[in-house]
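Here the structure is laid out as structure tokens; the discussion comes afterwards.
Number of protein chains: 4
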Amino acid sequence: MSSQSGHSFRISTFGESHGGAVGVTVDGCPPRIEISEAEIQRDLDRRRPGQSEIVTPRAEEDQCKILSGVFEGKTIGTPIAVVVFNKDARPESYSEMETMFRPSHADYTYQAKYGIRNWQGGGRASARETIGRVAAAAIAKKVLAQFAPALEIVAYVKSVHSLVAEVDPESVKLADVEANIVRCPEAVMAAKMIEFIKQVRSEGDSVGGVIECAIRGVPPGWGEPVFDKLEAELAKAMLSLPATKGFEIGSGFAGTLQKGSEHNDAFEMRGGSVRTRTNRSGGIQGGISNGETIFFRTAFKPTATIFQAQETVNVSGEAAVLRARGRHDPCVLPRAVPMVEAMAALVLCDHALRHRGQCGTV
Amino acid sequence: MSSQSGHSFRISTFGESHGGAVGVTVDGCPPRIEISEAEIQRDLDRRRPGQSEIVTPRAEEDQCKILSGVFEGKTIGTPIAVVVFNKDARPESYSEMETMFRPSHADYTYQAKYGIRNWQGGGRASARETIGRVAAAAIAKKVLAQFAPALEIVAYVKSVHSLVAEVDPESVKLADVEANIVRCPEAVMAAKMIEFIKQVRSEGDSVGGVIECAIRGVPPGWGEPVFDKLEAELAKAMLSLPATKGFEIGSGFAGTLQKGSEHNDAFEMRGGSVRTRTNRSGGIQGGISNGETIFFRTAFKPTATIFQAQETVNVSGEAAVLRARGRHDPCVLPRAVPMVEAMAALVLCDHALRHRGQCGTV
Amino acid sequence: MSSQSGHSFRISTFGESHGGAVGVTVDGCPPRIEISEAEIQRDLDRRRPGQSEIVTPRAEEDQCKILSGVFEGKTIGTPIAVVVFNKDARPESYSEMETMFRPSHADYTYQAKYGIRNWQGGGRASARETIGRVAAAAIAKKVLAQFAPALEIVAYVKSVHSLVAEVDPESVKLADVEANIVRCPEAVMAAKMIEFIKQVRSEGDSVGGVIECAIRGVPPGWGEPVFDKLEAELAKAMLSLPATKGFEIGSGFAGTLQKGSEHNDAFEMRGGSVRTRTNRSGGIQGGISNGETIFFRTAFKPTATIFQAQETVNVSGEAAVLRARGRHDPCVLPRAVPMVEAMAALVLCDHALRHRGQCGTV
Amino acid sequence: MSSQSGHSFRISTFGESHGGAVGVTVDGCPPRIEISEAEIQRDLDRRRPGQSEIVTPRAEEDQCKILSGVFEGKTIGTPIAVVVFNKDARPESYSEMETMFRPSHADYTYQAKYGIRNWQGGGRASARETIGRVAAAAIAKKVLAQFAPALEIVAYVKSVHSLVAEVDPESVKLADVEANIVRCPEAVMAAKMIEFIKQVRSEGDSVGGVIECAIRGVPPGWGEPVFDKLEAELAKAMLSLPATKGFEIGSGFAGTLQKGSEHNDAFEMRGGSVRTRTNRSGGIQGGISNGETIFFRTAFKPTATIFQAQETVNVSGEAAVLRARGRHDPCVLPRAVPMVEAMAALVLCDHALRHRGQCGTV
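Residue numbers (my numbering), protein chains in the order written: chain A, 456 to 817; chain B, 456 to 817; chain C, 456 to 817; chain D, 456 to 817.
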């Protein structure tokens, strides 16, 4: 179903922005994995509102609570339910949304599909829904750490509008990403991005950009042929995040400007292993990891909520002008970095378990 | 599982390039849909090798046979199995593949995953696997025609290397796509592309490009929130095709260069319906169709098989030089056009049935 | 995954007996169905401990809370999460379970499978897990009421040990079932059953029996051929309940004592409809409902927890003697009646939606 | 979907009785398992018509062909497609079925569900559909042999009508089952059953009975809690076979006549392992295997096709009299024995892979 993801490490998220709570259940987690609320909280804090001056000031603590599946600090193989209650919900800030469809939001399409919608703060289409994903991914990372101790997932802001950072997926470090509030590991460009976002916000406008993600240390053999190719699953995972418009892996769209003789990754023996000399494949060939660094980019559009007057229609089918209120991110990218990381971890953990099920090893 | 796709209109493909046959079963198809082998064959002929001078000369007729699920010309609600027997298989043309890993192919990763592989002509990773998808999609299109008679899916070559066509997704016609062998509806650019592909082939090289797909006439309300967003499902479907490196919908990566005030699609009433004035969203908002034209682009890398000597390693872990033989496409795009169309039809048909199941209408 | 059930109306339960909470999320529910916590509570109260003198005195209120998916009293098409916090948990009452495997319980097998277990009160194997099922089924019944207003599901105790009631599935009423604490609609036999259960409890022993379930008013056409036959899904649903040992539908095991000429259900026209003269098929033919009353029986073994000394082994592999403490049902049947009903409702609702998805009607 | 089964070892069957072919694809099979058409054929021959004087004389060879997924005698991890073409199809023998609904068959319900049906020989509801299951199970058994070399699955006829054999599930041998044409390992009772079936056939009548299945050598830990309990999956698998009316495991319905103190299986150490002294649980506790012999019984109704005149209605809703022609089994049990065995093997293989995926061992 639509709010479930994963074949063997299967998550189900629930919750609206202004309902009682958001959360997740994780089914199929291996037993005896150490996990605590504090570890989950660490990741939630990275996506939480109010963490810096360039994100929404909504004052949510997003304190998580594990309701099941963990006993004396370890997973026991049964579903792990994690819940975060909504605290700073101010539905009154969104009263105009009851009657108007916000441009480039999901108000109209939810109404068209279901004939009803929770209009408070975006409802199910709110980015608050990703809390469940990030919580589940904190568990997935612990599983991955046991399977492939060298595995590292590092996502970062590659560009904001036309400001593009130079980052090497082979060497970028999480500490450099977390060193600034925009989560771009190139410090000089990060400063420019922060200034740019502040300026855009002061204009009541918003801005988008690209997040790149590098995954190092994935053993060869994870992934599947045909429909569930690892890159296809990553593409789906990324495009399932709010505000995304594109995905590319390895050489991506730019790879179409090379000829085969330029683009192919020659094999060679290195350190006793089959390796590729270049990595235009982005670490995946035929849907299966080849041991090289997996790296991909995801495009995020400018935040749909802006503080300028916008033409729209209301639920009665009349022209209307919307002036947004409430608390919103002028740029989703800083908070989307841990979401990208989370979705990558979920896809990898699921495929690690699938691989072990069919082939007996990880 | 990996060779299955779809939740309600569910397909399972099977078959290797040089095994006995390739095919598909379709489970969950509505009953009483008229379908014939001839209709399926029409679509298979568009993806078949040997159809023009710029594609592989492998001489496969790819004659399909319906084995079940159809009675007196109509679907009966039970699984529809369609099979195409492999005829012009010449495994001897691929004997070097038994011992060598072809660069940027799936030989090494399949070996790493399974510890065994059918090395003849790419095995399961061959584009022959898509025969089953195209056959299933021919059925999906008949279902869609019943649900949304105005629905049209038109895919076409948008670019080959740096040759980019100007095409309007709102008005492009299938007849213009099929008017030339490269399947680019802009005739002048098509001629240039054809010349370019011939030249590349004469150099023993290969080339990639971008396929765009326009879907007109989708009613508002198809798709799902969260993980199975319509764009996420399309992204996965496209990235599951061989040789793909990227996907973008609507404004795509270029959308990151706009501010929210420029990017948002204002709503207006038009013809009695809620419509958007622009369509940067690409016809989908929050994972659900909004009634506008859905359009997206998929990047295909240059064909991995080239006729120049390439450095690689063999299965014993020794350096080796590969000189490809056999019959290959210098550019996959002309034959990938019907594959893109097919995957789009399968995703839409599945979501039409899912929508009807949950919400009662199509 | 193991804690998920249903294809289109899909539920995920979570929770251990003595963890923080038990609950469920329902994904795929049709929108605009009226549902309240009070309606769910009504069904939960029927399965709750402490409701009568012949069930466990554990004092759980089992107050449910809807966390998502409902807005202004109606479903909105997104996942509905319902949670019940564990209140009267006394893990100290179960300390012997930390070291000993209780006979005919799941302690040993959970330990063998996972290498770890929540030994407090049965953990995930506790019947408390069914709270989520009953809550989800309360929603399923509301959906069914909209699809087939005449549909009625009535489960009841058919036998306790050798005390067998005579009940007509065609006419039995819920009010008669609820008229006594053992939930057997035949009053005289119910009184005997109650006396017998009390006596068995006074001996520190336990007892089982059979629950029959009648489903009237199912339209012809629900269900599926082959693997997901309606009777197969019902069998799985019933055998997924704790303490079950058998399932039979229509004529059941006794049907093997008839010849075909005696067993076949002749068709006839009645009230303008195709009807069967007898109903040995139990309302389902070839996996699909035929419009007759669906009825089936489920066998429940005697409660595994008894208050007599039992030989067993401990986790160190040494012989041990177990003397159970805590609060337990001497006979699970009275509280299992709403569980049977719930599982039947979930299976039917799922198949109603599946049928509508594929065939367009309900 | 309805013609698919299994989570990790996933099969999709297709085919009608009188369409072009019946078959199966198996997705998720571990690689490097040796399998040949001859091995599959051996099992198909045990379910094939015409094999003895007490089954239908339909002269089908049921020759199988592997179309994919096997290379040089071994599985390669990709879908294995196996097909059997229908040869001795005589649709003219069934012409009365075009207009009449056969009592206790699926003609009416398929028509009610789909509004169309392949009326020739039962279509999808024919027992010919089980060919795909038996073929897939031949592969599953090879996988199981690698995982648990001591594992044995032995199914046998326990009763025909009121003729009940005494068989010990702990010691029954396949050779004894195959020693006679009714597949009852108790020779004296087998002879009586054969005589009885012949007599019933001579009367134009039919008869049912019970098949028991013993599975020895399953390691502790296979299966899952909650919905996919091993017994629940077996129940569904058995009730998905044509003509089944009931399922019971271990003590089954008779277990309801015992008290807890009589029914509980005391644990003891035996040969260094945790074992149960009795086995009323039937080898499964809480949904998970405990290492004891798994045994269960499935009730098969008398064959619905009889050669006596039967009252029914036709497709126009008029009373009619049906006189069956064609070739039919007077008793399905001898040919259902390999079907029961097959479904058991499929369930176990799926759960072995699921267990390995989540817990890392088999």
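Don't be surprised by glycine CBs; every beta carbon is placed ideally from N, CA and C.
None of these values were measured; they are calculated from a predicted model.
(message) Based on DSSP bridge pairs, tell me the residues matched to Ile670/B.
(response) Ile608/B, Ile749/B
(message) Just checking: is the beta-carbon of Leu808/A within a distance shorter than 8 Å of some beta-carbon in chain D?
(response) yes
(request) Could you please give the first and the last residue of the uninterrupted alpha helix (DSSP H) stretch that includes Thr585/C? (result) 585-602
(request) Please confirm if Met693/B has its CB atom under 8 Å from at least one CB of chain D. (result) no
(request) May I have the straight-line CA-CA distance separating Asp496/A from Lys653/A, to the nearest angstrom? (result) Looking at the sequence itself, residue 496/A is Gln, so the reference to Asp does not match. If I take the Cα positions, the gap works out to 28 Å.
(message) Is the separation between the beta-carbon of Ser491/B and that of Ala476/D shorter than 8 Å?
(response) no
(message) Once DSSP output is grouped into helix, strand and coil, what is the label at Val537/D?
(response) strand
(request) Taking a Cβ distance cut-off of 7 Å, strictly less, list which residues of the region 470-502 of chain C are near chain B, in chain order. (result) Gly483, Pro485, Pro486
(request) Could you pull the start and end residues of the beta strand (DSSP E) that Thr480/A belongs to? (result) 476-482
(request) Mind listing the chain D neighbours of Met456/B? Cutoff is C-beta to C-beta under 7 Å, in chain order. (result) Arg465, Asp482, Gly483
(request) Give the DSSP-derived three-state secondary structure of Ser771/A in the structure shown. (result) coil
(request) List the residues that DSSP assigns as beta-bridge partners of Gln459/A. (result) Ser467/A
(message) Taking the alpha carbon of Arg513/C as the reference point, which residue from His783/C, Ser460/C, Val795/C, Met794/C has its own alpha carbon closest?
(response) His783/C
(request) Within its chain, find whatever has a CB closer than 8 Å to the CB of Glu494/B; leave out the 5 residues flanking it on each side and keep chain order. (result) Ala593, Lys597
(message) Buried or exposed for Arg809/B, going by 16 or more other Cβ atoms inside 10 Å?
(response) buried
(message) So that I know if they touch, is there some Cβ in chain D lying closer than 8 Å to that of Gln740/A?
(response) no
(message) Short of 6 Å in beta carbon distance, which residues of its chain neighbour Asn745/D, apart from the five on each side in sequence? Order them along the chain.
(response) Pro675
(message) Report the CB separation of Ala692/C from Ser559/C in whole angstroms; it is logged as a contact under 8 Å.
(response) Incorrect: roughly 22 Å between the Cβ atoms, too far for contact.
(request) Indicate the three-state DSSP secondary structure (helix, strand or coil) for Thr530/C in the structure shown. (result) strand
(message) Taking the straight line between their C-alpha atoms, what separation do you get for Gly715/D and Ser661/C?
(response) 5 Å
(message) Any beta carbon of chain D sitting closer than 8 Å to that of Gly676/A?
(response) no
(request) Go through its chain and collect everything with a Cβ distance to Asn734/B's Cβ below 7 Å, but skip five positions before and after it. (result) Gly705, Asp720, Glu747, Thr748
(message) So for Ser523/A, helix, strand or coil by DSSP?
(response) coil
(request) Would you mind working out which of Ile739/B, Val632/B, Thr480/B, Ile743/B sits nearest Phe750/B, comparing C-alpha positions? (result) Ile739/B
(request) Write down every uninterrupted run of the beta strand (DSSP E) in the region 642-668 of chain A whose length is 3 residues or greater and which is fully enclosed by it, in chain order. (result) none
(message) Using only the alpha-carbon positions, how far apart do Glu584/A and Gly587/C sit?
(response) 22 Å
(request) Kindly indicate the opening and closing residues of the beta strand (DSSP E) around Met724/D. (result) 722-725
(message) Measuring straight from C-alpha to C-alpha, what distance separates Phe556/D and Phe722/C?
(response) 8 Å
(request) With a threshold of 16 other CB atoms inside 10 Å of the CB of Pro680/C, please say whether the residue is buried or exposed. (result) buried
(message) So if I threshold CB-CB distances at 9 Å, which residues from the region 508-531 of chain A count as touching chain C?
(response) Lys520, Ile521, Leu522, Ser523, Gly524, Val525, Phe526, Glu527, Lys529, Thr530, Ile531
(message) Less than 8 Å between the beta carbons of Phe464/D and Asp805/D, yes or no?
(response) yes
(request) With distances taken Cα to Cα, identify the nearest neighbour of Ala807/C among Cys814/B, Leu803/B, Leu801/B, Ala807/B. (result) Cys814/B
(message) At a cut-off of 7 Å, would you count Val615/A as near the ligand MN, judging by its Cβ distance to the nearest heavy atom?
(response) Ligands are entirely absent from the displayed structure, and the ligand MN is therefore not among its contents.
(request) Find the residues of chain B that neighbour Thr533/C, judging by a C-beta separation of less than 9 Å, and give them in chain order. (result) Pro680, Val681
(message) Which residue wins for smallest C-alpha separation from Arg790/C, given the options Thr530/C, Glu633/C, Thr554/C?
(response) Glu633/C
(request) Evaluate Asp482/C with the Cβ neighbour count: other Cβ atoms within 10 Å of its Cβ, from every protein chain shown; 16 or more gives buried, anything less gives exposed. (result) buried
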